[in-house]
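Which chain is which? The protein sequence lines are V, B and C, in order.
Going by our numbering, 195 is the number at position 88 of the first sequence; the sequence numbering is gapless.
Going by our numbering, 685 is the number at position 51 of the second sequence; the sequence numbering is gapless.
Going by our numbering, 207 is the number at position 181 of the third sequence; the sequence numbering is gapless.
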Amino acid sequence: MAALLEVTDLHAGYGPTNVLSGIAFNVEEGGITALLGANGAGKTTTLRAVCGMIRRRGSVTFAGERIDGRATEDIVRLGLAHVPDGRGTFVQLTTEENLRIGALTRRDRKAVAADMDRMYGYFPRLRERGSQQAGTLSGGEQQMLAIARALMLRPKLLVLDEPSFGLAPLVVQDIFRIMRTVNREEKVSILLVEQNARLALELADQALLLETGKVVLGGPAAQIRDDETVRRAYLGY
Amino acid sequence: MEAFLHQILSGLAAGGIYASLALALVMIYQSTHHINFAQGEMAMFSTYLAWTFIDAGFSYWIAFVATLGISFLAGILIERIVIRPVERAPVLSVVIVFIALLVIFNSLAGWIYTYTIKSFPSPFSAGLFPQNPYMSPHEMGTIAVTFIVLILLYAFFRFTPLGLAMRAAAQNPVSSRLAGIRVGWMLALGWGLAATIGAVAGMMVAPVVYLDPNMMAGVLLYAFAAALLGGIDNPFGAVLGGFIVGVAENLLGAYVIGTELKLTVALVLIVAVLLFKPSGFFGRVIVTRV
Amino acid sequence: MKAGGGLDGRRLAGVVLVVLALAALPFFLSDYRTFQFTQAIVYAIVLLGLNILTGYNGQISLGHGAFFAIGAYTAAILMDRFGVPYWATLPAAGLICFVFGFLFGLPALRLQGHYLALATFALAVATPQLLKYKRLEEWTGGVQGIVIIKPDPPFGLPLSQDRWLYLFTLVVAIVLFAVAWNILRGRTGRALIALRDQPIAAEAMGVNGAIYKSTAFGISALYTGIGGALGAIAVQFVAPDSFTAFLSISFVVGIVVGGLATLSGAVWGALFIQFVPNFADQISKAAPWAIYGAVLLAFIYLMPGGVASMLRGVAAKVLRR
Ligand SMILES: Nc1ncnc2c1ncn2[C@@H]1O[C@H](COP(=O)(O)OP(=O)(O)OP(=O)(O)O)[C@@H](O)[C@H]1O
Ligand SMILES: [Mg+2]
């Protein structure tokens, strides 16, 4: 399998402080890659750097194009959807409008309408709340909305930052099931940041471990899952 | 009684003009939280532009459309060239840039067109509206135009993808970028719209107050009052505020304090709203769950 | 002359030298030029006042023309109606403006950034109309304004009226600058700056924001009012249309060009707003304002520290060599 996203020697940070010091990893086309690490390891920072939301240096290639010098909106338009930390809901707009925003860059109107229906199929609760102000949705509903909004882009790569954050276990299962469906049936590759390492490793094909701005371990998810020392030392289960 | 009715109705006409300019202010405030002190002078300059076309022999409506088009482009250019460099600068810098724009447009108009007042035609002839003793055709036309502007804006923001993109960019720039929206251009479009709406206001007020480089000072103050009263982030509130302020101004002028303190009334209104109801009467209450 | 720095021997000598040069200046100039420099000193006082508020305390005022007008009218009315000597009108103008400023500062406490700018802008726009108000006409002279008589030098000093007024204004300015320097370099100055840069932290450390901010407004208005009184005496005339919004705007131009939050900036700014329009005026009536606008943009984009910080930079370079 070819790499959809190739990151080499990526440095990034906020203001004067550097958080990432030269990380490198690939995300396989059609696969699910989990990015794991302790709080403050730099996972969110990595995703932001890839999407051009913060100052960064190094080489990032997405679908064969260099994106490390590009603006966020241009990167997104290449087919990279990002469900950010904190969900990024448009709180004053309705649920439906939030979904439409996800597809604003698309020109295929009919397909957009169909995708909207598909999202409501994945998350029936969103349909019920279609005309409700999105800021009044519950945290879990907003998380679903964020994922659905990202999928409305019809991305090649879906990047998720802790989608299970603050959700009830059943809802988390739901979301993980949908991620698998999307990956298998729609051939959307996924880069997943997750605190719940056990769940993430079950879902993912590949996994990376980040520690204070460096990739310390990477390989097939199954291998990491089965390596007890790694699990104990880094993942704590 | 008839006189009273007349005062109210002509207050509504003036209110329409305040409402339009207030709408222009809202366009820019919504997306950047900047109060554009140059809005009045931009409108004034647009009106001179229209005057130039009419003076050159074009028909009113051709001049009207051309002026709107040019104002739209000019608004976009101003945002891209003048405002963008201070997008993240401290408030003081932004305010000073607005003041600089105000001064430049004012003096440019004085330079090109001189300070002598000019008359400006009204496009609304007597036959256009039913004859009545309360309102002149221009007053009725002004109110109609205000509503047309409001409806067009509403339709644009509510029903078009571009309108949705602009609303999204105004509310949450970061998330908008993540949806592929070019936020910088959305802000520029907002400026373009504001300049266009301002041009309409200028062309509606010019037949009443005559055209001169300082004609918008009072109108701008009332538009500020209107926008604040209605809630400076709410287009409908701003329009309603415009009408309220217009009627109040007329009634106060006719029955209470006379017209010589018009601007002071606006000042008092502005300060009072800022102090006692900073979000205005219809300012959006944001319901957020964290 | 930056507030905060101490006054060592070399600096003191420098200040004394500058003062002597300034005192000697009118004896090399025509009466008309002297009058122009008097006005520049008046503006310097005003800009100092505005800078205390906007530069040091971060409260934006686009309406200081109103305080200037109050000071000017106070002086004119006292002299014209009550025969008060010109020098005695200054404390009165200062006091009245302090009260007005303090009172305006109280509601201003609740307004920040753009909103304060908006409220003060409205004040600036409304001022001329208010001065024309019929009920006040008996005092203000309405549209006609008030003509006042230029004071003669005291003790039969052999000076022209213009030179005397220049020297008088200069002395007042020196006193006011010394006072401002003293206020700003001490605890009060630090509190004002802290409230500008770190409002929450400053309040948490026990700085009473309300008192400091409204007092800053009051003092700022006091300076501006004294400037207004001196300006009225120098021009011998007050009328509503001298106090339009553009006057307030030119004060803002002055502090931006001179340098925000610097004492010497008030001087550079004053020279700018006094003399640059005069040159530009020869091109067209509208030209000075076009130049103001362009210069404002240029300073904000290229030299946000104003002339004062530019000169300081140059001086530092020269000294290092
Ligand atoms: N906006 C910011 N400004 C300054 N520093 C930041 C910012 N965001 C994150 N950091 C710092 O960068 C480092 C990495 O943070 P990051 O958010 O990438 O961690 P993370 O791996 O996503 O952690 P978590 O699992 O808690 O979300 C931390 O030390 C954090 O303090
Ligand atoms: Mg994180």
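Just so it is clear, CB atoms sit at the ideal spot from N, CA and C, and this is done for glycine as well.
#1: Can you tell which of B:Thr794, B:Ile642, B:Val817 has its C-alpha closest to the C-alpha of V:Glu180?
#2: Hey, is B:Ser756's beta-carbon within less than 7 Å of any beta-carbon in chain C?
#3: Would you verify that the beta carbon of C:His140 is, or is not, closer than 7 Å to some beta carbon of chain B?
#4: How big is the Cα-Cα spacing for V:Ala345 and V:Gln250?
#5: Do V:Val278 and V:Gly247 have their beta-carbon atoms positioned less than 7 Å apart in this structure?
#6: Counting pairs of beta carbons, one from the stretch 667-686 of chain B and one from the stretch 132-147 of chain C, are three or more of them closer than 8 Å?
#7: Which chain B residues sit within Cβ distance under 9 Å of C:Gly319?
#8: Per the DSSP calculation, V:Tyr121 is bridged to which residue(s)?
#9: How would you call B:Ile710, buried or exposed, if buried means at least 16 neighbouring beta carbons within 10 angstroms?
#10: Compute every distance between the C-beta of V:Lys150 and the non-hydrogen atoms of ligand 2, then say whether any falls below 6 Å.
#11: In the stretch 850-879 of chain B, which residues sit with their C-beta less than 7 Å from some C-beta in chain C, listed in chain order?
#12: If we require 4 or more residues per run, which alpha helix (DSSP H) segments fall completely within the stretch 799-881 of chain B?
#13: Can you check whether the C-beta of B:Phe727 is within less than 7 Å of a C-beta belonging to chain C?
#14: Looking at C-alpha atoms only, which residue of B:Lys752, B:Met769, B:Ser753 is the closest neighbour of B:Ala760?
#15: Just the C-alpha distance for B:Ala860 and B:Ile782, rounded to the nearest angstrom, thanks.
#16: May I have the straight-line CA-CA distance separating V:Pro123 from V:Ile208, to the nearest angstrom?
#17: Could you check whether V:Ala148 and V:Ala119 sit closer than 7 Å to each other, using their CB atoms as the reference points?
#18: Does chain C have any CB closer than 7 Å to the CB of B:Thr893?
#19: In terms of residues, what are the limits of the beta strand (DSSP E) holding V:Lys321?
#20: Restricting to Cα atoms, I'd like to know which of V:Met226, V:Ala241, V:Thr336, V:Arg338 is closest to V:Glu293.
#21: By Cβ distance below 6 Å, which residues in the same chain neighbour B:Val907 in space, the five residues on each side in sequence not counted?
#22: With three or more beta-carbon pairs closer than 8 Å as the criterion, would you say the stretch 263-276 of chain C touches the stretch 72-91 of chain C?
#23: Where does B:Leu639 land, buried or exposed, given buried means 16+ other C-beta within 10 angstroms?
#24: Do you know how far the Cα of C:Phe325 is from the Cα of C:Ser335?
#25: Grouping DSSP H, G and I as helix and E and B as strand, with all else coil, what is V:Val295?
#26: If contacts are defined as beta-carbon pairs under 8 Å, then B:Ser582 and B:Thr748 qualify, I think. What distance do you get, rounded to the angstrom?
#27: Which residues in the same chain as C:Lys158 place their Cβ atom closer than 7 Å to its Cβ, once the five residues preceding and following it in sequence are excluded?
#28: At what residues does the alpha helix (DSSP H) containing B:Ile710 begin and finish?
#29: Would C:Val344 count as contacting chain B if we go by Cβ distances under 7 Å?
#30: Could you tell me whether any Cβ in chain V is nearer than 7 Å to the Cβ of B:Gly814?
#31: Counting only the same chain and skipping the five closest in sequence on each side, list residues whose C-beta sits under 8 Å from that of B:Ser753.
#32: Any beta carbon from chain B within less than 7 Å of C:Gln85's own beta carbon?
#33: Note down the Cα distance separating B:Ala829 from B:Ser644, rounded to an integer number of angstroms.
#34: Determine, using beta carbons only, whether V:Phe197 and V:Leu112 come nearer to each other than 7 Å.
#35: Looking at chain C, is there any beta carbon in it that lies within less than 7 Å of the beta carbon of B:Ile662?
#36: Between C:Asp223 and ligand 2, is there a pair consisting of the residue's CB and a ligand heavy atom that are separated by less than 6 Å?
Looking at the coordinates:
#1: B:Val817
#2: no
#3: yes
#4: This structure cannot speak to residue 345 of chain V, because chain V is shown only from 108 to 344.
#5: yes
#6: yes
#7: Ile733, Ala734, Leu735, Leu736, Val737, Ile738, Phe739, Asn740, Ser741, Leu742
#8: V:Thr124
#9: buried
#10: yes
#11: Ala851, Leu855, Phe858
#12: 807-812, 817-843, 850-864
#13: Looking at the sequence itself, residue 727 of chain B is Ser, so the reference to Phe does not match. Cβ-Cβ to chain C under 7 Å: yes for B:Ser727.
#14: B:Met769
#15: 19 Å
#16: 34 Å
#17: no
#18: no
#19: 321-327
#20: V:Met226
#21: Leu862, Leu863
#22: yes
#23: exposed
#24: 12 Å
#25: coil
#26: Outside the shown range of chain B (635 to 924) lies residue 582 of chain B, about which nothing can therefore be said.
#27: Gly168, Val169, Pro266
#28: 694-712
#29: no
#30: yes
#31: Pro841, Tyr844, Leu845
#32: no
#33: 25 Å
#34: no
#35: no
#36: no
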